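Structure first, then comments.
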Amino acid sequence: MVAGKHLDERSSFIRVLFKNDRFCVSGCNKLNGSNYDNIRQIIFQINPNELPSPGILISKSLFKPYLPAALKELAISTGHTGLYGQSINDFHFYIPIEDRDAYTAVIDDLYLGIKTGFVSTGRLSKLWHIWSQAIEETALVEPRKYLEGGDQSLNFFIASDKLQFIRPSIVVEDLDADLKQMKYNSIPATYLGQPLIVIEESDLLQALASHIHSLVWQTIQSKQSFHLAVSGGKTPGKLFKLLSQMQLPWQYIHLWLVDERCVSLADEDSNFNLLHSELIKHVDIPYLNIHPMPVDNLGQICNEADQSDQAYEDSLNYFSKFKLNYVLLGIGTDGHTASLMPNSDSLKEKHKFVTFTKTQNLKSKRMTMTYNLINNAQHISVLVTGSHKNNIVMELLESKNHLKYPILGIKPIKGNMTFYIDFHAWLPKIVDIYS
24 MVAGKHLDER SSFIRVLFKN DRFCVSGCNK LNGSNYDNIR QIIFQINPNE LPSPGILISK
84 SLFKPYLPAA LKELAISTGH TGLYGQSIND FHFYIPIEDR DAYTAVIDDL YLGIKTGFVS
144 TGRLSKLWHI WSQAIEETAL VEPRKYLEGG DQSLNFFIAS DKLQFIRPSI VVEDLDADLK
204 QMKYNSIPAT YLGQPLIVIE ESDLLQALAS HIHSLVWQTI QSKQSFHLAV SGGKTPGKLF
264 KLLSQMQLPW QYIHLWLVDE RCVSLADEDS NFNLLHSELI KHVDIPYLNI HPMPVDNLGQ
324 ICNEADQSDQ AYEDSLNYFS KFKLNYVLLG IGTDGHTASL MPNSDSLKEK HKFVTFTKTQ
384 NLKSKRMTMT YNLINNAQHI SVLVTGSHKN NIVMELLESK NHLKYPILGI KPIKGNMTFY
444 IDFHAWLPKI VDIYS
């Protein structure tokens with residue numbers, strides 16, 4: 024059974040191959056050599072693909088069929104030199120003399136009460152049971168992976184009483200099974216005392232987007248606004264794109280930034296620029312619901328004399344009363360989160376909700392939310408992806424020093440917190456070997 028969207032033949036057909044010791048399933052166009060000269064087959068081509076019409080292909084090495092009155096032979100001319108492992112000249116090609124439109128034929132049969140073109144429930148049930156044994160016996164067998172681009176890895180031959188692939192699989196099945204077992208056995212239910220989710224990155228982002236989606240709709244049912252604060256970065260950018268494709272009541276959602284670099288909002292390093300390009304410009308959100316950090320004030324970048332950090336605090340107080348519904352954080356390789364950097368003064372801030380921060384490791388100053396605001400949120404999610412994050416993920420388990428590792432200072436007061444970590448960040452060496 025051959026299936027998949029990326030196979031090299033985009034067509035619909037039923038193919039009957041008569042007993043041979045080798046079979047070409049994919050990448051067949053260039054295999055018209057000595058190994059495939061004696062292929063004997065019949066193909067019922069439903070979707071014409073490269074052929075001029077639907078029809079029946081019969082290998083000339085098989086037999087010269089007796090034609091019913093409704094069929095005629097047609098010379099084949101395609102852009103390919105080969106079809107199904109044979110030269111186009113090695114086939115007889117038969118097409119209907121009258122090619123009736125399918126819908127017209129069905130309506131005629133319905134009107135005249137002709138049932139031969141319809142499948143009865145009994146016949147359908149019997150046809151389904153043909154596959155029952157194959158499905159049961161292959162339930163624990165991993166499907167052979169197909170690599171697009173004329174790949175020949177699906178081709179097989181008969182050896183004794185079983186089928187074998189001509190090209191051996193790249194993956195060693197036992198080791199692959201060990202990897203899967205290791206992945207799931209090595210994942211605890213919690214991380215740093217908080218719920219932990221570890222899955223592939225694409226599934227991780229989908230789970231996170233679905234979580235936000237669910238909470239948004241729950242919140243607005245009570246006629247409240249939903250305040251979402253996000254960090255920047257490549258992986259959050261993928262999440263923003265997912266959110267832009269969801270049906271969300273954007274008129275009730277307020278977007279805030281957890282932190283921002285002291286650069287123009289149009290700069291490629293700006294977190295707001297990323298948020299705008301991947302989410303804001305794709306959704307119908309009111310202008311007043313968008314809250315970029317005011318790092319650029321009439322061309323003055325992070326001028327502390329302007330008290331723009333206080334201005335952002337005032338906006339947060341006015342719209343949310345310092346109670347964010349959802350905060351999305353990440354973890355840097357040094358353990359920082361938001362722009363709360365290791366050993367920075369911002370970690371000791373007791374009163375402010377937004378502040379400027381700068382350390383020797385930063386190229387520029389940044390504006391960031393502080394522990395006071397983040398820990399007051401209802402929901403906090405920490406997204407960690409990539410094998411380069413594994414060292415810090417493991418180091419955090421051995422420390423309680425939030426001055427050295429600022430992420431350890433994230434402790435919700437009344438809300439909840441969940442870590443979303445992909446396999447590469449959790450088990451990088453193992454995953455990299457087998458991926």
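Sequential numbering from 24 applies to the sequence shown in this note's numbering.
Just so it is clear, CB atoms sit at the ideal spot from N, CA and C, and this is done for glycine as well.
The model shown is predicted, which means the values in this text are computed figures rather than measured ones.
Determine whether the beta carbon atoms of residue i and residue j lie at a separation below 9 Å.
i           : j           : result
residue 285 : residue 318 : yes
residue 97  : residue 110 : no
residue 81  : residue 91  : no
residue 250 : residue 276 : yes
residue 390 : residue 440 : no
residue 428 : residue 415 : yes
residue 339 : residue 345 : yes
residue 85  : residue 116 : no
residue 448 : residue 407 : yes
residue 367 : residue 381 : yes
residue 324 : residue 273 : no
residue 343 : residue 248 : yes
residue 347 : residue 399 : yes
I'd like the list of long-range same chain contacts for residue i, defined as Cβ closer than 8 Å, with 5 residues on each side in sequence excluded.
i           : result
residue 230 : 220, 222 and 443
residue 37  : 66, 67 and 69
residue 56  : Any reading at residue 56 is ruled out, since the residue's pLDDT is 40, under 50, leaving its predicted position unreliable.
Could you check where the alpha helix (DSSP H) with residue i kicks off and where it finishes?
i           : result
residue 239 : 224-243
residue 295 : 294-301
residue 342 : 331-343
residue 349 : First-last for residue 349: 349-352, but that is the beta strand (DSSP E), not the alpha helix (DSSP H).
Can you find the residues in the same chain that come closer than 7 Å, C-beta to C-beta, to residue i, ignoring five residues on each side of it along the sequence?
i           : result
residue 213 : 219
residue 39  : 64 and 65
Write down the C-beta distance between residue i and residue j rounded to the nearest angstrom, noting that I regard them as a contact closer than 8 Å.
i           : j           : result
residue 314 : residue 279 : 5 Å
residue 349 : residue 401 : 7 Å
residue 419 : residue 355 : About 12 Å; that fails the 8 Å criterion.
residue 255 : residue 294 : 3 Å
residue 129 : residue 136 : Not quite, the Cβ-Cβ distance comes to about 13 Å (not below 8 Å), so this is no contact.
residue 252 : residue 392 : 7 Å
residue 335 : residue 377 : 5 Å
residue 261 : residue 228 : 6 Å
Looking at the unbroken beta strand (DSSP E) that takes in residue i, where does it start and where does it end?
i           : result
residue 78  : 78-82
residue 440 : 439-445
residue 68  : 64-68
residue 402 : 402-407
residue 36  : 36-40
residue 493 : Here the chain covers residues 24 to 458 and nothing more, so residue 493 does not appear.
What does DSSP give as the partner residues of residue i in its beta bridges?
i           : result
residue 390 : 283 and 379
residue 213 : 218
residue 323 : 320
residue 258 : DSSP output for residue 258 lists no bridge partner at all.
residue 119 : 94
Which residues in the same chain as residue i place their Cβ atom closer than 6 Å to its Cβ, once the five residues preceding and following it in sequence are excluded?
i           : result
residue 432 : 394 and 425
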